[in-house]
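Residue numbers (my numbering), protein chains in the order written: chain D, 1 to 376; chain V, 1001 to 1335; chain Z, 2001 to 2517; chain L, 3001 to 3337.
What follows is a single structure, written as structure tokens, with notes after it.
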Amino acid sequence: EDKKFKIYLSLSYSGNAWQSEAANIVKALAATPPYDKQVELIEVISGTDPQAQISAYESMIEAGADGIVTFPISSTALNRVIKRGCEQGVKFFTYDATVTEPCAYNVSYITAGFGENSAQALVNELGGKGKIFLSRGVPGNSVDKRHTDGAMHIFKQYPGIEIAAEYYSYWDDRTTQQETAKALAAHPDVDGIWAQAGEYGAIQALQDAGTKLVPMTGENSNGLRLALANPDMQAKGLKGVSAGSPPAQSGYAFKLLMEILTGKRTLEATNIEYPLPWVPAASVKLCEGETFENGCNAFPDGKVPSSFVTEVFNPELLPELSLLSALEGKPTPGATIQPLPAEIVKAPNEPGINCQNCEPPADLYKLTKIQPTVSP
Amino acid sequence: MSASAVQPLERNGGGRKSSWVRALTSGAAIVTLLYVVLYALYAMWEPRALSSYTFTNLINNAAPLAIAAAGETLVVLSRGFDLSVAGVVSLTNVFMAVWPMEGPGGALISLLGCCAIGAVVGTVNGWLVAVLRLQTIAATLGTMIVCQGLALVILDAPGGMVADWVSYELTGTLFGVVPIAGLIIAAVALLWLVFLRTNTGIGIYAVGADEQAAMLSGVSVTRVRFAAFVGAGMLYGVAGFMLSAQTATGNPNAGAPFLMLVFAAVALGGTSLSGGRGGLIGSIVGAGCLMLLQKVLFSGGVSSFYTGIFQGFVLILAILFGRFMPRLFNAGAKK
Amino acid sequence: MVRDGQAALAVRAVSKSYGATVALEGVDLVLQPGEVHALLGENGAGKSTLVKILSGVVRPDDGAMTLAGSAFQPRTILDSRSHGVATAFQELSLLPNLTVAENLMMPRMPRGRTGLASASAARLAASEILRRYDLARIDADETVSALSLADRQRLEIVRAMEHATKVLVLDEPTAALSEVEWLFGLVRQITARGVAVLYISHRLAEVRALCSRATVLRNGRSIATVDLAGASDADIFEMMVGRAVRNDKTPRPLRDTAAPASVAVAGLAGGQLKDVSFTLRQGEVLAVAALEGQGQRDLFRILAGLARPAAGSIHIDGKPTVLRNPQGALKAGRGIAYVPEERKTEGILSSLTAAGNITLPVAGRISRGGLVWSGLEAKAATSVAESVDLAARYLSFPIADLSGGNQQKALLARTLLTGAQTLLLFDPTRGVDVGTKQSIYAAIRRFADAGGSVLFYSSELPEVTDLADRCMVLYGGRILAEFHGEELEEQRLVGALVGHATVPKGAPRMAGLETGS
Amino acid sequence: MSVSEPKGAAFQASADLRRGGGMSRETTNAIIVFGLSILLILGSRFVSPALGSWSQVLTVLMLASFLIVLSFGQGLVILVGGLDLSIPAVITLGGVLATGWAGGGGEWYVLPAILAICGLVGAFNGFGVTVLKIPPFIMTMATSIILASAALGYTSGTPRGASPAAMTALMKTTWIGIPVVVYFVVLFVLAGWLLQSRTVFGRKLYAIGANDQAARVAGVAIGPVTTQAYVVSAICAGFVGMMLVGYANGATLRMGDNYLLPSIAAVVIGGSSILGGRGSFIGTVGGAVLLTTLGTVIAAIGLEQGWRTVIEGGIIVAALFFMREEFFARLRRPKRN
Ligand SMILES: Nc1ncnc2c1ncn2[C@@H]1O[C@H](COP(=O)(O)OP(=O)(O)OP(=O)(O)O)[C@@H](O)[C@H]1O
Ligand SMILES: Nc1ncnc2c1ncn2[C@@H]1O[C@H](COP(=O)(O)OP(=O)(O)OP(=O)(O)O)[C@@H](O)[C@H]1O
Ligand SMILES: O[C@@H]1[C@@H](O)[C@H](O)OC[C@H]1O
Ligand SMILES: [Mg+2]
Ligand SMILES: [Mg+2]
């Protein structure tokens, strides 16, 4: 039993904190006993070009991959090669972003309703009326569309909510800051901001523009969490929720793959929902150590950059991880791999996201984290 | 004493002989040699590289870029930069995914549709550049952005389905060995060889070398520029068509990665980015090299963090290689 | 006066302005079938502009033209060609990256059996044309950029002749040619067929040998049309310039043969150049005379730092020197500056002003506190522009808008301004008008008198005899003969040029047999 | 006889404008781009009543500052007939090193040292282009790929640290109600304009771009001067990396990605020739301001993204149309009777 499983970690691109943290988590797990003896992990980065990722998958299949853990750059363009890989016995596990090819396992929070829940939170904070900005992700991207569709489902119910500006921030702090600054030039009287990743840039843009802060929702950057908990900023008007895409998804995907390969679990290809992190301002709690313990969910200033995405841990699913794993891909000293809980949460069908010609459930945008406190 | 004893410090750039030889000289031949070398490396590290399956994949993968680079070559030869390639590829990809047409007949209509989209964009470019005399790079930046916008209007997120016939037949093989995509590339190359032997084809070289002298030689600069842009647009359309066959779905951003890569392919293929020298076949093989390089680095086991470093240096070395090979040939021939 | 109806071509009151510059104003010109008609005028008089109007490249603002009696308004070059009017342009219009055959066929290639352009058909047709024009030695498959400037000029002429069935326009066709018999023969043939030829040249002797009548342009206006037989050089000159002949030719004092050497080369070889040794002294004007392709181009390029010698040594002001590049040459010893053979590719910087072109090598000198001041620039440029007769108003123009001759003057001015004490001038007065030539000669002499050294090549023998203290004849890459003082006569030079010490019978006549003034 | 120009001879019309020196044409061009920007700002009131205000102008200047600095370097490289595609990677390099080495405070020499390193990257580009004679497009693209890869390896994906104090001060403080960076931009534009249009170095760049062979004959040291243009470009890009770090308080590996096309677009829209030898920095600044203004206005239009993009592209083409040389030739051509 000395033949190691050949597992590829296929990134589309690397370069923002989120992507490297997700990759580091997989690397750290693969180096944690007993996986360190069972796995040969090879990382491949192929850029934002689907053609390059197709070519990379092909090479991996050819090289005899047992499994591929991947952040797919496109939800549809890779289907063909994935199918070919499945036919050769390769297991595909996507994390965060998904593909519509049914033979792949998608592990993602996308179906967990980030858009609608965060939108409702914002509406609640605004008392059901006000001018807001939508700071979106990458134009023409299915994840961005899902988030925004969910949010718009809520906003549309409130005639008092006016979308003053809607711009694309490419899930990047700097771009968010610049685009928000532009929008502020046209609408200095904005009342709230609904943002996807890069949200910390929106706070900085508000600070650049003047003294006023407004209620906002965004994803999981350490910067947002610290800001939400900061009394000065609260005094200036900042309230809101931090939710969104957790890099820890990659670790869950990788462990599932390993359990299947090592025969600890049998599971047909399916869509698996990763829980949506949900941290309202009141729940922000600083961690003293290197992991999420005692319900802490943010790190003190200086320990990590503000763009650091905090949701790298999951005490139930990924107890093996520490800050060192997320930042450098190193295993936590002394840790060993713990089994996953037996049951998984199946994700609902979302056409174009995790299935091709499927019907979405009737309650697609149902709220799970928050309830309306104002009526339309 | 040899007549070449004086080494001019500045090279005037190699000229070209007849239109026949033009297609085969320097650029294309050298980049082909480079391709062979890369393939040999690939085969050395990955024995399966020699299988028809792998080869077909490789061709399928390279076809869209190769055809787009072929189109770009037309504009570059006439001394221009055409950024609209990214827009047209996105637009045609979205067109293929939103309005799939089944069967060979449907495929033909789709192909014509893609060409028509490319031709319309090319005509607008031609008008902006040849008639209004805007700078090519600026004018086509504008049309690229417009096309990207239209692609987003038609399809606001990846999705749609390309017709099965297109996505299966065009990525398959003929008699189990000849990749269909390869045949389409060959058809483009053949068309080029024909075009090269038309007045407009030669006119492109003339305009690219010296627009004013071309005009004084009786070449209709306007017509030639139009032809270059329209031809290029149509080839981008074909590239979008082939990309759709490969990915089987639509993506409003599908063309974005092509923007830089086509120019790399063109330059690698030996076409001068300042016009008048080079050819389309070189660009096709240049695109092949770029795609093959990824495979070589993968099979060579280069660590992912550092693949970029290798890619960069290989790019530089490839150009140097292209520079020194002809000198070696010449030196050999002189003896 | 002849009626337009009988004329091959009649131009009436044609005007053309470029912005504020009036290039042509009310120009009249009548060409008779079969005549060779000269168009004379100073640099910038408007000759080339008229040529462009006749060719359909530029549309006049005003005026009318008739061709064999019917209205003639060419819209494009093909349009005028289709009417039988064809032009060999001053700034050649060949495509350097295409073959001789393709250039000759442009813009329509002959088709082969497939209906496509056929390289072999083009080659065949081109070879046939070349043969008819006595140029069989030029390979139709050769790329034009590989041809010498003179051969390119010939090709330009041939291409025009092929299409000229009514009017042939030759704009300074001999600027790069050192032998003119070939051209004269062809012109006589074509006029014998009744084609009218409009001939532009600054070489008056050439004009007298070939043309019967001349129209003189001055400042864009047609001053007169004269019978050349009845007009003296002085008359013509006065019509061109509007003032009397200036004869400032002064006999040169004999040179000090013991003056220190500026440039001394020994055993120099490279390109066509085989084994050349000579010394150029301070205060000396040394000419190189040669037929085309005898190595003169390589000699100049090596000394300018543009090419590396294959063998031999170069001493600059007494020190052995390796000339790596032109800025190295500028700094070597007391400095070497170069006026290149090809104005368009190696000479002018077309998007810069004339002043910017002139002051480029001395940009450091016109700057104060790190900044270039336009006042200083204008002053520097004006100071040298005067010595080459370049009107000051041209200095602020983009140099591409200057006439060919004025561009040449600017390039000469530039070398003078560098302060280099050795000048390498390759055909320095190419395209420069008769009046200005004398000024340039004077400037060169003043330069030498002040201790400078000049090495120049000229395609015109009179220029050699007028200007040089000494002349070396290059033949087959070697110095075949050397003449100085009294020996410097055209007849002797001609013999040496073709490789003989004495004049053989039937040696080609040399260009521009004008005897100065 | 008709007085219109034949189509085939349009170069003729373009020559008309160069009358009286290249500068005047370039100045007109610059006036046009700025004029269009101002029109756009004023016209944007129709899009949103808050637009067209002084604070919008400040926002635009602040946001345009990155592009202005970048396109100065890009403009010099384009002026010599090259192109610098390594800009995104060098921005990242500057940003990553600034946060990594000088984050939060740092010694006084760290920032200049980082700029010097960026300069070395430029020298590498220049070496490839002038000595190895690699086409600029390929050379700088290769540098970009190499550098991006190296930065990824160096940071293992996660740049750490915070903005150096000096950069925070530059980007985040105001003086008499105006952001300090706006003063900086004004000085930078002045210095850049002088460097490009009024120094010997600038002269040489124009000469090389106009005709490198002829410039060489005229004694310009093509290799070193060209290399210097690439060095300046890299230093500008590195500095923008630091500015971005000061602006957003942190670096990421993809922070430069969205600046390549705009840096080229600003130069070309500002009236420079992509083939080199022609253009002015003032025009480029106008191009950068126009593009940024367009961004602010477009963001405020209430249409879906696709249509907004279409409008953006359309406005760029329209702006080019109004800046055509022929357009002005016609306006300026003296009326003849
Ligand atoms: N494109 C142009 N733009 C502006 N001015 C021009 C242009 N072309 C020519 N000119 C000007 O028109 C005038 C006539 O020039 P032209 O070239 O016809 O002179 P020329 O008689 O041929 O002189 P040369 O003997 O030097 O060739 C000159 O003043 C010249 O500067
Ligand atoms: N009106 C004109 N009359 C005579 N010659 C001209 C005229 N306009 C341009 N030329 C000549 O044509 C050549 C090229 O001119 P132009 O300025 O149009 O080219 P350019 O701007 O350098 O263009 P490119 O960059 O495409 O080479 C110049 O060398 C100039 O001598
Ligand atoms: O899910 C998204 C993730 O893919 C991206 O990288 O960051 C933003 C998230 O919303
Ligand atoms: Mg002339
Ligand atoms: Mg030019």
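We put the CB at the ideal spot given by N, CA and C, even for glycine.
DSSP on ASP173/D, reduced to helix/strand/coil?
helix
Would a C-beta distance cut-off of 8 Å place LEU2424/Z and PHE2300/Z closer than the cut-off?
yes
Following a CB-centred definition, is GLY2347/Z positioned closer than 7 Å to any heavy atom of ligand 4?
no
Which class does SER2453/Z belong to by DSSP, given the choice of helix, strand or coil?
Three-state result, SER2453/Z: strand.
Kindly list, in the order they appear in chain D, the residues whose Cβ is closer than 7 Å to that of MET1291/V.
By Cβ distance, chain D contributes SER55.
According to DSSP, simplified to helix, strand and coil, what is GLU320/D?
coil
If the criterion is Cβ atoms closer than 8 Å, does the pair ARG3245/L and ALA3098/L meet it?
Arg is not the amino acid found at residue 3245/L; the sequence shown has Val there. Yes, the pair counts as a contact, with Cβ atoms nearer than the cut-off.
For TYR365/D, three-class secondary structure by DSSP
coil
Contact set between PRO1158/V and chain D, taken where Cβ atoms lie within less than 8 Å:
SER74, SER75, THR76, ALA77, GLY140, ASN141, SER142, GLY352
Taking only runs that begin and end inside the region 243 to 299 of chain D, name each unbroken alpha helix (DSSP H) of 4 or more residues, in chain order.
249 to 261
When the cut-off is 8 Å and only beta carbons count, does VAL3180/L lie next to chain V?
no
Roughly how many whole angstroms lie between the Cα atoms of GLN2006/Z and VAL2030/Z?
Cα to Cα, GLN2006/Z sits roughly 10 Å from VAL2030/Z.
Say whether chain Z places a C-beta atom closer than 8 Å to the C-beta of GLY1203/V.
yes
Check this for me: beta carbons of THR310/D and ASN222/D, under 8 Å apart or not?
yes
Where the beta strand (DSSP E) containing ARG2470/Z begins and where it ends:
2470 to 2475 is the extent of the beta strand (DSSP E) around ARG2470/Z.
Mind reading off the beta-carbon distance from ILE193/D to PHE133/D? Whole number of angstroms is fine, and I expect it under 8 Å.
5 Å
Would you mind stating whether LEU2280/Z and ALA2266/Z have Cβ atoms separated by less than 8 Å?
no
Only counting the same chain, and skipping five residues up and downstream in sequence, which positions put a Cβ closer than 7 Å to that of VAL3181/L?
MET3062, SER3065, LEU3170, MET3171
Distance between GLY1237/V and ARG2297/Z (C-alpha atoms, nearest Å)
Approximately 50 Å between the Cα atoms of the pair.
Pick helix, strand or coil for ILE343/D, following the three-state DSSP scheme.
A small fix is needed here, since residue 343/D is Glu in this sequence, not Ile. Coil at GLU343/D, not helix or strand.
Which residues in the same chain as LEU2390/Z place their Cβ atom closer than 7 Å to its Cβ, once the five residues preceding and following it in sequence are excluded?
ASN2406, LYS2409, ALA2410, ALA2413
DSSP-derived helix/strand/coil call for ARG2012/Z
strand
At a CB-CB cut-off below 7 Å, which residues of chain D make contact with GLN3213/L?
What GLN3213/L touches in chain D: nothing, since even the nearest Cβ is about 39 Å away.
If distances are taken between C-alpha atoms only, which option among ASP144/D, CYS103/D, SER245/D, GLN157/D comes closest to GLY128/D?
Minimum Cα distance to GLY128/D is reached at GLN157/D.
Alpha carbon to alpha carbon, how far is LEU1083/V from ALA1256/V? Give it in angstroms, no decimals.
The straight-line gap from Cα to Cα measures roughly 10 Å.
Entirely enclosed alpha helix (DSSP H) segments - the region 1178 to 1254 of chain V, minimum 4 residues
1180 to 1195, 1199 to 1209, 1211 to 1216, 1221 to 1247
Any heavy atom of ligand 1 closer than 7 Å to the Cβ of PHE2089/Z?
Because no heavy atom of ligand 1 lies under 7 Å away, the Cβ of PHE2089/Z does not count as near it: no.
Could you tell me which residues DSSP pairs with VAL69/D in its beta bridges?
LEU9/D, PHE93/D
Cα-Cα separation between ALA1157/V and ASN357/D, rounded to whole angstroms
15 Å
Chain D partners of ASN1057/V, CB-CB under 7 Å?
Near ASN1057/V (Cβ distances below 7 Å), the residues of chain D are GLU58.
Quick check on ALA1023/V - is its C-beta less than 8 Å from some C-beta in chain Z?
Caution applies to ALA1023/V, whose pLDDT of 44 falls short of 50 and renders its modelled position unreliable; the value that the coordinates give is listed next. With 8 Å as the cut-off, ALA1023/V does not count as an interface residue toward chain Z.
Assuming VAL2285/Z is part of the beta strand (DSSP E), what are its boundary residues?
2285 to 2289
To the nearest angstrom, how far is it from the Cα of GLY3052/L to the Cα of LEU3290/L?
14 Å
Inside the region 3132 to 3199 of chain L only - beta strand (DSSP E) runs reaching at least 3 residues
With a minimum length of 3 residues, no continuous beta strand (DSSP E) run stays inside the region 3132 to 3199 of chain L.
Length of the line joining the Cα atoms of GLN2438/Z and LEU2376/Z
28 Å
Min CB distance SER377/D to chain L below 8 Å:
Since the first residue shown for chain D is 1 and the last is 376, residue 377/D is missing from the structure and cannot be characterised.
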